Each structure stands twice: as structure tokens, then as C-alpha cells.
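**Q** Provided herewith is a single structure, encoded as C-alpha cells, for subsequent inquiry.
Number of protein chains: 2
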Amino acid sequence: MSGSGPSRRFVSAADLGLLTDLYELTMLQAYRACDMQARASFSLHFRQLPAHRRMMLACGQQHAAHLVTGLRFPGSAIDDLSRIGMFQDDFLRWLEDFRFTGDIVAVPEGTPVFPHEPLLEVTAPVAEAQLLETLLMNVVHLETVLASKALRLVLAARGRPLMDFGMRRMHGIDAAVHGVRAFRVAGIAQTSNVLGGLAFGLPVGGTMAHSFIQAHGNEREAFKAYADLYPETTLLVDTFDTIEGVDKVIALRRELGERFRVGAIRLDSGDLAALAGEARRRLDSAGLEDVKIVASGGLDEHAIARLVGGDAPIDAFGVGTSLGTSADSPSLDLVYKLTSYDGSPRVKDSPGKEIYPGEKQVYRFRDGSGRCTHDEVTLRDERRNADALLQPIVRAGEPLHVETLDPGVAAAWARRELGCLPAELRRLDDGDDGYDVRISDAVVNLRRAALAGRR
Amino acid sequence: MSGSGPSRRFVSAADLGLLTDLYELTMLQAYRACDMQARASFSLHFRQLPAHRRMMLACGQQHAAHLVTGLRFPGSAIDDLSRIGMFQDDFLRWLEDFRFTGDIVAVPEGTPVFPHEPLLEVTAPVAEAQLLETLLMNVVHLETVLASKALRLVLAARGRPLMDFGMRRMHGIDAAVHGVRAFRVAGIAQTSNVLGGLAFGLPVGGTMAHSFIQAHGNEREAFKAYADLYPETTLLVDTFDTIEGVDKVIALRRELGERFRVGAIRLDSGDLAALAGEARRRLDSAGLEDVKIVASGGLDEHAIARLVGGDAPIDAFGVGTSLGTSADSPSLDLVYKLTSYDGSPRVKDSPGKEIYPGEKQVYRFRDGSGRCTHDEVTLRDERRNADALLQPIVRAGEPLHVETLDPGVAAAWARRELGCLPAELRRLDDGDDGYDVRISDAVVNLRRAALAGRR
Numbered sequence: 001m002s003g004s005g006p007s008r009r010f011v012s013a014a015d016l017g018l019l020t021d022l023y024e025l026t027m028l029q030a031y032r033a034c035d036m037q038a039r040a041s042f043s044l045h046f047r048q049l050p051a052h053r054r055m056m057l058a059c060g061q062q063h064a065a066h067l068v069t070g071l072r073f074p075g076s077a078i079d080d081l082s083r084i085g086m087f088q089d090d091f092l093r094w095l096e097d098f099r100f101t102g103d104i105v106a107v108p109e110g111t112p113v114f115p116h117e118p119l120l121e122v123t124a125p126v127a128e129a130q131l132l133e134t135l136l137m138n139v140v141h142l143e144t145v146l147a148s149k150a151l152r153l154v155l156a157a158r159g160r161p162l163m164d165f166g167m168r169r170m171h172g173i174d175a176a177v178h179g180v181r182a183f184r185v186a187g188i189a190q191t192s193n194v195l196g197g198l199a200f201g202l203p204v205g206g207t208m209a210h211s212f213i214q215a216h217g218n219e220r221e222a223f224k225a226y227a228d229l230y231p232e233t234t235l236l237v238d239t240f241d242t243i244e245g246v247d248k249v250i251a252l253r254r255e256l257g258e259r260f261r262v263g264a265i266r267l268d269s270g271d272l273a274a275l276a277g278e279a280r281r282r283l284d285s286a287g288l289e290d291v292k293i294v295a296s297g298g299l300d301e302h303a304i305a306r307l308v309g310g311d312a313p314i315d316a317f318g319v320g321t322s323l324g325t326s327a328d329s330p331s332l333d334l335v336y337k338l339t340s341y342d343g344s345p346r347v348k349d350s351p352g353k354e355i356y357p358g359e360k361q362v363y364r365f366r367d368g369s370g371r372c373t374h375d376e377v378t379l380r381d382e383r384r385n386a387d388a389l390l391q392p393i394v395r396a397g398e399p400l401h402v403e404t405l406d407p408g409v410a411a412a413w414a415r416r417e418l419g420c421l422p423a424e425l426r427r428l429d430d431g432d433d434g435y436d437v438r439i440s441d442a443v444v445n446l447r448r449a450a451l452a453g454r455r
Numbered sequence: 456m457s458g459s460g461p462s463r464r465f466v467s468a469a470d471l472g473l474l475t476d477l478y479e480l481t482m483l484q485a486y487r488a489c490d491m492q493a494r495a496s497f498s499l500h501f502r503q504l505p506a507h508r509r510m511m512l513a514c515g516q517q518h519a520a521h522l523v524t525g526l527r528f529p530g531s532a533i534d535d536l537s538r539i540g541m542f543q544d545d546f547l548r549w550l551e552d553f554r555f556t557g558d559i560v561a562v563p564e565g566t567p568v569f570p571h572e573p574l575l576e577v578t579a580p581v582a583e584a585q586l587l588e589t590l591l592m593n594v595v596h597l598e599t600v601l602a603s604k605a606l607r608l609v610l611a612a613r614g615r616p617l618m619d620f621g622m623r624r625m626h627g628i629d630a631a632v633h634g635v636r637a638f639r640v641a642g643i644a645q646t647s648n649v650l651g652g653l654a655f656g657l658p659v660g661g662t663m664a665h666s667f668i669q670a671h672g673n674e675r676e677a678f679k680a681y682a683d684l685y686p687e688t689t690l691l692v693d694t695f696d697t698i699e700g701v702d703k704v705i706a707l708r709r710e711l712g713e714r715f716r717v718g719a720i721r722l723d724s725g726d727l728a729a730l731a732g733e734a735r736r737r738l739d740s741a742g743l744e745d746v747k748i749v750a751s752g753g754l755d756e757h758a759i760a761r762l763v764g765g766d767a768p769i770d771a772f773g774v775g776t777s778l779g780t781s782a783d784s785p786s787l788d789l790v791y792k793l794t795s796y797d798g799s800p801r802v803k804d805s806p807g808k809e810i811y812p813g814e815k816q817v818y819r820f821r822d823g824s825g826r827c828t829h830d831e832v833t834l835r836d837e838r839r840n841a842d843a844l845l846q847p848i849v850r851a852g853e854p855l856h857v858e859t860l861d862p863g864v865a866a867a868w869a870r871r872e873l874g875c876l877p878a879e880l881r882r883l884d885d886g887d888d889g890y891d892v893r894i895s896d897a898v899v900n901l902r903r904a905a906l907a908g909r910r
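Chains as they are written, first to last, in this note's numbering: chain G, 1 to 455; chain B, 456 to 910.
Pasting the structure below:
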């Protein structure tokens, strides 16, 4: 942690080992003190769907796995840890040489997943596997929560493009930048976020703010100035009176003649359906059939579904806060649980927080036409005539298939899988007609035996 | 943006200029093209309280202001922007020399704030002030939302200490690290987050995870190993049967005799009030009156208030997801709006999104005993016999009072101010008996005149 002090921190790769809950490190020291070096398996999964979700779109797990393989404790991190006063010198020296040497399997990013299905499993010496917990969870939770929300907006828009305007109210810089990756996986078409868009290959776009018009004092001048510089721009028409704003765009067309190439207008307040309808009529009457209408302003998937369902003449939507914070369901009860140690199954029995033991596989069954019928969570070595979703992505500490870190790969896979799932999963209302996920007899029996053996 | 590619990005100071919505940059280029160089003022405020909030605790504004004074566009950022294809060479060359030269005023961090009160105002050449929008909002929004949620938990706990366990499900690394700063301002006592705690001076603490007990296979061995290494530790007792777990702690006392110094047990599931009561009785009967009881597991302010109100013998609470994501209200309608340009007031008239023009001051009135009676939002040059909350923090691009970036200063101020506000604001239930915030006649008249003048 270089540069401790009052100002804002930029987290770097040198800080990776400190991006953790303290207990991961104290347990690590304790595993060493107990000489517990056997291999353990941990499963990253959720026990129930959050409110208002019929599925989650798994995202971030390959990203997170790639990150943790680079986890080291440089001298600056060791110095910081020594300040806490709980770590012995020989442990800190051991940490200096730490690197992850284990294996990770995961479902492909972009896979729709359901309760009890591991998104990812880690198998490694217990201390190593334990240490990854907080960081892995933070990364996978963020991208999965945001991709799952984005998917709902994409489904609501039924093919009309969506633009991410969420950066200003997303939870910090990291969420904003890496959220763009999740949005791309889910099918968002464009982002206003410069760094996020450039980093993860989503087209960067934007329009204009009310302040630009306010500073000019009148819309006509502001529109003309913007269109001069950005001929195919989108003009924001609701600063004072939306329909008057539309008329000023039409007046600009008369003024510029053939030089007029404005691409769209944006509505950001009021009754969007009514205003879009009136704007469309006026634009069409003026021969501006090619000028599109973009709507924004506090939209969520339900508002978009209503507008699309009512055939509002809106060509694209800008979505901000509801998307960027997953406002109706900002978290997922993602957990990272020990399921085996030294070859024997491990369980826990806390009420409502049961664990299925053992290393697992998730099989997705399809019918003759390719439609998904159900999933089955089995032990890793069970075989089924179905698609095995958990595949190796890290072996002996080395990342495999780095090319699949590209969010474009996950986006294509997500689109394909979504098309194969039962149609009711793509509904936006709440409902309990969930997907059929079975737990294999072998898993159930292993849990029963492990609990009995403990007693 | 160094190192574009598939892997996770670490954002650095060199990226600051790219942490923005594209339109801030396109408007910047347009202001230059229009030769609009006059000074503008922008106000950062919210128009209404979010659901389930009676006040917001302003946080992050000095932090954000300090950050934006360091905003530059190094060569790497210029190269990235040129890839977007919308920026002219002379503009990019101008950006290379960009630095903020304006003034910023803000209410002290830790101030309880209400709708229409500026948390911060920027006055600078319009292009500079505009450019800060996205980054300022992102930083202030994060810390204000998280501090305001943390405050509710602190109020619910009525003096019993709270520990932040939220890192794993907070929205990304930046939210987790900088959230700790907001938590400290609001009065959270400890964090499990190693980097966040070290960076912002909140004590770092933690207990143990279920996995540690599962790996050992039985609680007795796991408890003994942990207590050997960390004598004053907290032992997690609910992995299998909570009361049996408590009995094993008592057995450990018999085994260790005077060497037993375990500080606390932690309950993480089940009926916490009943389990805490039974655990307390058993511990006390065994002479372990000094062993404290910590509760965690999906707690929010309402659950804590019920436990505290019912006199559950719980000494401290661990809070995770509800705190870390501000789950019941994950966003605030924070806006950054142009209020004057070149000395003249500016407004907008979109339905529900009105702006009060002019540079402002917020006065907080107190009665003879120091109790806050009401606030008044005035023009900056109006004088009142009351505390002026907006104070300079950046002058001509230079940060002032850097010592107040210390979250300890804001925490002390927050405690003091909260004690002076009407008691009903500290209630946890929803209610519309909000605080009395008046808008001065001069502000109202200026808005009326500005709207009339535009027509």
C-alpha cells in the first residue's frame, strides 16, 4: 500500500494481497501453524436467486481467476501487514514467496446459472484456496450482479439498442469501469464511459448535457454549435419545453439544408411515450424520418418494457442508475464454501446455509432441438450425456484459454444459451416457475454420509 | 490507459481524465470551438431523499475535490482519446496542458444534508467545471450513499460497536476500499477489509470462517488451534449446532485453564436473540462473563434495532451486504447542475428537474442551546446570523485544508452535528416529517426572473 495518507488511493497489482478480509490471512497463518497442507476444494455459488431475478448471468469468474493467479505479496504489502501486529515473521517471509499453485474450473462467462450451481471451484492446498475467497467473490459478484441486471434491460428493449449512462452513480470507479465488461457480456450496445469502453471494447458514445444548452442560454445556438462540430450528433431537447425543442431541431434542418445530418434527438424527462409520439410526428412531417429518438431519464426494465410494449417510437434507450447499481437487487448471496479437504467431503449444518460436499460438475441437458430441459449438479467424476459446464481455466496456477477473457466471447455464448432456455426465464415479472436444477443422488448421499460421520 | 487487453485493469492517476462520460469531453471541445471561456458555477446536490432515508451524510466531497485538482491528460490518455475519432488535434494538444484552475466550496464531510442543499459548488471556466462532472459525482455519490447507510446501522446499534464485513459483496474493489472511509465517518468501529482499514485508519479486525472449522473436521480442534495462535480471538460457534459450539468454547476454558483468554464468540445464523440469550447464560454459568457475543449474518438496521430493543445480550455486530451495498437504497439522485454562466443565472425547466440558479450558501440555524432549528439555502452573498456550511476547499486549483481529508475529522463533526439535529431525523422508520429547509426569497426571485427572461 504505497502512499498511505488522506488522499484517494489507486489500487495497484502490488495491493492484491491486501484486498482481503483479515481473517483470510489469520486463517492462513493458522493452517500453517497446524501444518494443514492438504488440498481443499471450495465452491463459489449462490443458494437462492435474489429478488426480481429468474436467473443470473455468470460473469467475472475467468476474469477473477486470471487476477488471483497474479496475487503476490511484495515488500510494501508485507510492511503493511506487519503493522497489524498479528503476523509472525516466518509467516510474513513465507507470504513473500506466495503464489497460487492450484486448479480452477468455472462455467463459461455469460452462462445463465441457478441456485446451487457452482460458478467456479478452486482446488489447491487449503491455505491457498482460502486466501482467494474475498477477492474472487468481490470480482465475480460485481460482474455477475451487473450482467444479470443488464440482461433484464436488454430483454425489455427487444432488440432496440441500450446505452450505459451509469458511471456517475455506480459504486466507485472500479465498478464503473468493470461494469462495462459485464454490460457488454449481457448485450448492452454502447457506453458513455470512456475508460470502460476503451478497456473492454464496447463502443463509446454520448450526447450532450443540459448544462451545454443552459450555458448558451438558448437551444437554437447550442444545437447549431454542437451540430457544426459533430454533424451526426444527438441533440437533447427537454431543457425547457420538449416539443419546442423538437421544433428547434426542425428549424435547424431548414437553416442547414443539406448539411443537416443530425442523427437523433434525446428525451430525458416527462411522459416519454407521449413526447416521443409527438416528436416523431413533427419530425416525419418535416421530412426528418431518419432522425432517431433516444429516451433516457430514470428508466428501468419495466419502464422500457411499457414503452416498447406500447409501440412508443423510441429507437434506443439510455439507462443509468437502475442499471449501474442493479437498483432493485444490488447483491447476490454468493458464497465460497469448503466442500472437501484431504479427499474427504466437508459440510456445514447452519440453518438455511447448508453445503453440498465434494467437487462438482454441472450438466446442462438439451432436447433434440437444442432446447435446455434441465441441469444436474453432480460429483465431478459422474458422467452424463449432457454438456459439462465446469471446465478448467487455471491449472497448477497457470491461466488457460486466456483468449476467453474477451467479453465478446462471453457475449456470444450468453446470447446462444439464452435462446435455448425456457421462455419463461426471460420474463421480467417475479415468478417461482424457476428452472429445473437437480442435485444428483451421489451428492445427496455424500452429504448425508458426511453429516452422519460427523455426529 | 496503459495495458489495454483482456485482463482486469488497475486504474491509476494517469487514467483520471478518462474516468468520464464521453459527452463531458465532446462538450469541452465544443465550448472551445464556440470560444466560450466565461466562468460558470455548478451545484452538486440532490432533489429528493432516497427511499428509507431521513437525511444523507455528506461524504467524499473534499476527497473528490482533492482528486480532481490532480486531473491531467498524459500522453497515454491523449493516445486513447484519439482512438475514439471525435477529437481534433488542437483540442488534444490543449488537453495535454489541462489543469483545473477554479474554485470549489463544500460543506464539511460528515455534515447531515437535505434536498436542494449543495454539497459542493464548482466555479471555473465553463469547460473546466463541466469536465469534472462525472468523476466528482462518482466519488461523492459512493461515499455519501455508504456513509448514510452506515449511519443508520450505527443509530440502530445504540452504542454497541459495528464491524464492516462487506468487502466480498461490495461493488468492486474501489467501493470496498473507499467505503471504509465513509464507514469511519459514520461511526463504524472496525473493518475486516485490510487495505481499506490501513488506508483510512479504521482498526482492522476479524474472526474465523466456517471453512476453518470444516477443514479441521471438528470444532474442538479448530477452536484450540485458533486460540493457541490468537489468544484473544473470536470463535465462530454455528458451523453445526450453535449451543454445542458454545459448550465447546466452555470446554476449551476447562482445558486451557488460566491460559484461556478468548475474547468473544460469534453467532452467524439462526434465531440470534434466542441463541445469544442461551449462550450468555451458559457462558456466565461457566464463569465466562468476560467472553463477549458478536452477531452477524444478513443483519440490517432493522434487525439490529430489534435485537438491541429486545435487550439481546449481543455486544457487537458484524454487518456485510446490507451495509456494503446500501441494499435498501443503493443510489441517490445526486446531480451536478449549471447554475450561472458569465455572471448571469441559469435555469432549466424539465418537469420534476428544476434548478435554483446562482451561487449559493447553506445556513444552519441553531437555537440558544445549540439545537439545529432549520436550514436556509441562500445566494452566496446573502448574510445570515447562522453557520455558513459551504466553505472554500479549493482556490485557483489549489486544495486548501488538506488536513480535513482525514476521515477522523469528519467523523467527529458528524457526531456533533447529529446530536444537534431534531431527534426524529434519527428514527429508522420511514416518515415525511423531514427537516425544515427554506429557500431564500432572493433565490426564488432569481429563478423566476431567469425563467421569465428566457421566454
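Glycine included, each C-beta is placed from N, C-alpha and C at the ideal position.
Fair warning: this is a prediction, and the values are worked out from it, not measured in the lab.
Does any CB atom of chain G fall closer than 7 Å to the CB of residue 478(B)?
**A** The residue labelled residue 478(B) in the question sits at position 23 within the second sequence. Answer yes: the Cβ-Cβ gap between residue 478(B) and chain G drops below 7 Å somewhere.
**Q** What is the residue span of the alpha helix (DSSP H) that residue 196(G) lies within?
**A** For this step, residue 196(G) is matched to residue 196 along the first sequence. Segment 194 to 200, the alpha helix (DSSP H) holding residue 196(G).
**Q** State buried or exposed for residue 17(G), treating a residue as buried only when at least 16 other CB atoms are found within 10 Å of its CB.
**A** As a first step, residue 17(G) is located in the first sequence; it is residue number 17 there, counting from the start. Residue 17(G) comes out buried.
**Q** Helix, strand or coil for residue 2(G) per DSSP?
**A** Looking up residue 2(G) in the first sequence gives position 2. At residue 2(G) the pLDDT is 38, less than 50, meaning the model places this residue with poor confidence and gives no usable figure here.
**Q** Could you check where the beta strand (DSSP E) with residue 827(B) kicks off and where it finishes?
**A** Taking the second sequence and counting its residues from 1, the one referred to as residue 827(B) is at position 372. For residue 827(B), the enclosing beta strand (DSSP E) has its first and last residue at 827 to 834.
**Q** I'd like to know if residue 785(B) contacts chain G, where contact means its C-beta is closer than 7 Å to some C-beta of that chain.
**A** The sequence position of residue 785(B) within the second sequence is 330, counting from 1. Contact with chain G is found for residue 785(B), since one of that chain's Cβ atoms lies less than 7 Å from the residue's Cβ.
**Q** Can you round the beta-carbon distance between residue 495(G) and residue 45(G) to whole angstroms, since I take them to be within the 8 Å contact cut?
**A** With chain G represented from 1 up to 455, any question about residue 495(G) goes unanswered, as that position is not in the structure.
**Q** From the DSSP output, in three-state form, read off residue 685(B) for me.
**A** Here residue 685(B) refers to the residue found at position 230 of the second sequence. Coil, per DSSP.
**Q** Distance check for residue 27(G) and residue 100(G), CA to CA, integer angstroms please.
**A** For the purposes of this step, residue 100(G) is taken as the residue at position 100 of the first sequence. For the purposes of this step, residue 27(G) is taken as the residue at position 27 of the first sequence. Their backbone Cα atoms lie some 16 Å apart in a straight line.
**Q** Taking the runs of the beta strand (DSSP E) that are 3 residues or longer, which of them lie wholly in the stretch 38 to 108 of chain G?
**A** 39 to 46 and 103 to 106
**Q** Put residue 638(B) into one of helix, strand or coil per three-state DSSP.
**A** The residue you call residue 638(B) lines up with position 183 of the second sequence. Looking at residue 638(B) - three-state DSSP - the assignment turns out to be helix.
**Q** Could you tell me whether any Cβ in chain G is nearer than 7 Å to the Cβ of residue 803(B)?
**A** Position 348 of the second sequence, counted from the start, is the residue given in the question as residue 803(B). Yes, residue 803(B) counts as interfacial toward chain G.
**Q** Give the range of the alpha helix (DSSP H) segment to which residue 27(G) is assigned.
**A** In the first sequence, the residue the question calls residue 27(G) occupies position 27. Counting along the chain, the alpha helix (DSSP H) containing residue 27(G) begins and ends at 22 to 33.
**Q** Using a Cβ cut-off of 7 Å (strictly closer), state whether residue 902(B) contacts chain G.
**A** Your numbering for residue 902(B) matches position 447 in the second sequence. So, not an interface residue.
**Q** Alpha carbon to alpha carbon, how far is residue 164(G) from residue 323(G)? Give it in angstroms, no decimals.
**A** Indexing the first sequence from 1 puts residue 323(G) at position 323. Indexing the first sequence from 1 puts residue 164(G) at position 164. Cα-Cα distance, rounded: 8 Å.
**Q** Could you check where the alpha helix (DSSP H) with residue 575(B) kicks off and where it finishes?
**A** Position 120 of the second sequence, counting from 1, holds the residue named residue 575(B). Counting along the chain, residue 575(B) falls outside any alpha helix (DSSP H), though it belongs to the beta strand (DSSP E) covering 575 to 580.
**Q** With 9 Å as the limit, tell me which residues of the stretch 31 to 49 of chain G have their beta carbon closer than that to any beta carbon of chain B; keep them in chain order.
**A** 31, 33, 34, 36, 38, 40 and 42
**Q** Compare the C-beta of residue 539(B) against all C-beta atoms of chain G and say whether one is closer than 7 Å.
**A** Your numbering for residue 539(B) matches position 84 in the second sequence. True, the Cβ-Cβ gap to chain G drops below 7 Å.
**Q** Could you tell me how far apart the beta carbons of residue 204(G) and residue 533(B) are, in whole angstroms, since I believe they sit closer than 8 Å?
**A** Reading the first sequence from its first residue, position 204 is the one you call residue 204(G). Reading the second sequence from its first residue, position 78 is the one you call residue 533(B). 15 Å between Cβ atoms; not a contact.
**Q** Using only the alpha-carbon positions, how far apart do residue 845(B) and residue 166(G) sit?
**A** Working through the second sequence from its first residue, we reach residue 845(B) at position 390. Working through the first sequence from its first residue, we reach residue 166(G) at position 166. Going from the Cα of residue 845(B) to the Cα of residue 166(G) covers about 28 Å.
**Q** Beta-carbon of residue 773(B) versus every beta-carbon of chain G: anything under 7 Å?
**A** If you number the second sequence from 1, residue 773(B) lands on position 318. It does not; no Cβ of chain G falls within 7 Å.
**Q** Step through the CB atoms of chain B and report whether any lies within less than 7 Å of the CB of residue 353(G).
**A** Along the first sequence, one-based indexing puts residue 353(G) at 353. Yes, contact with chain B.
**Q** Can you find a CB in chain G that lies within less than 7 Å of the CB of residue 467(B)?
**A** Here residue 467(B) corresponds to residue number 12 of the second sequence, with the count starting at 1. Output row for residue 467(B): interface = yes.
**Q** Output the distance between the C-alpha atoms of residue 893(B) and residue 569(B), rounded to the nearest integer angstrom.
**A** For the purposes of this step, residue 893(B) is identified with residue 438 of the second sequence, where counting begins at 1. For the purposes of this step, residue 569(B) is identified with residue 114 of the second sequence, where counting begins at 1. So the alpha carbons of these two residues sit roughly 11 Å apart.
**Q** Under 7 Å between beta-carbons, which chain G residues line up against residue 684(B)? List them in chain order, please.
**A** Position 229 of the second sequence, counting from 1, holds the residue named residue 684(B). Simply 29, 30 and 33.
**Q** Report the three-state DSSP secondary structure of residue 776(B) (helix, strand or coil).
**A** The residue you call residue 776(B) lines up with position 321 of the second sequence. Helix at residue 776(B).
**Q** Using DSSP's beta-bridge definition, name the partner residues of residue 894(B).
**A** Within the second sequence, the letter at position 439 stands for residue 894(B). Per DSSP, 832(B).
**Q** Interface residues of chain G around residue 887(B) at Cβ under 8 Å?
**A** Counting from one through the second sequence, the residue named residue 887(B) turns up at place 432. Those do not exist, as residue 887(B) stays about 21 Å from chain G at its closest Cβ, beyond 8 Å.
**Q** Interface residues of chain B around residue 205(G) at Cβ under 7 Å?
**A** Taking the first sequence and counting its residues from 1, the one referred to as residue 205(G) is at position 205. Near residue 205(G) (Cβ distances below 7 Å), the residues of chain B are 477.
**Q** Between the stretch 761 to 781 of chain B and the stretch 801 to 808 of chain B, can you find at least three pairs of beta-carbon atoms closer than 8 Å?
**A** no
**Q** Around the Cβ of residue 785(B), are there at least 16 other Cβ atoms within 10 angstroms (buried) or fewer (exposed)?
**A** In the second sequence, residue 785(B) corresponds to position 330, counting from 1. Looking at its Cβ environment, which holds 16 or more other Cβ atoms inside 10 Å, residue 785(B) is buried.
**Q** Identify the contact partners of residue 628(B) in chain G, using a Cβ-Cβ distance below 7 Å as the criterion.
**A** Against the second sequence, residue 628(B) aligns to sequence position 173. Close partners of residue 628(B) in chain G (Cβ separation under 7 Å): 11, 19, 138 and 174.
**Q** Once DSSP output is grouped into helix, strand and coil, what is the label at residue 617(B)?
**A** Within the second sequence, numbered from 1, the residue matching residue 617(B) stands at position 162. Residue 617(B): strand per DSSP, three-state reduction.
**Q** Figure out for me which residue from 601(B), 645(B), 487(B) and 510(B) has the closest Cα to the Cα of residue 547(B).
**A** Translated into the one-based positions of the second sequence, residue 547(B) becomes position 92. Here the closest residue by C-alpha is 487(B).
**Q** Looking at residue 269(G): is its Cβ nearer than 7 Å to the Cβ of residue 476(B)?
**A** To locate residue 269(G), count along the first sequence from 1; it is residue 269. To locate residue 476(B), count along the second sequence from 1; it is residue 21. Contact flag unset, no.
**Q** Assuming the contact rule is C-beta atoms closer than 8 Å, residue 728(B) and residue 748(B) should be a hit. Round their C-beta distance to whole Å, please.
**A** Along the second sequence, one-based indexing puts residue 728(B) at 273. Along the second sequence, one-based indexing puts residue 748(B) at 293. 11 Å between Cβ atoms; not a contact.
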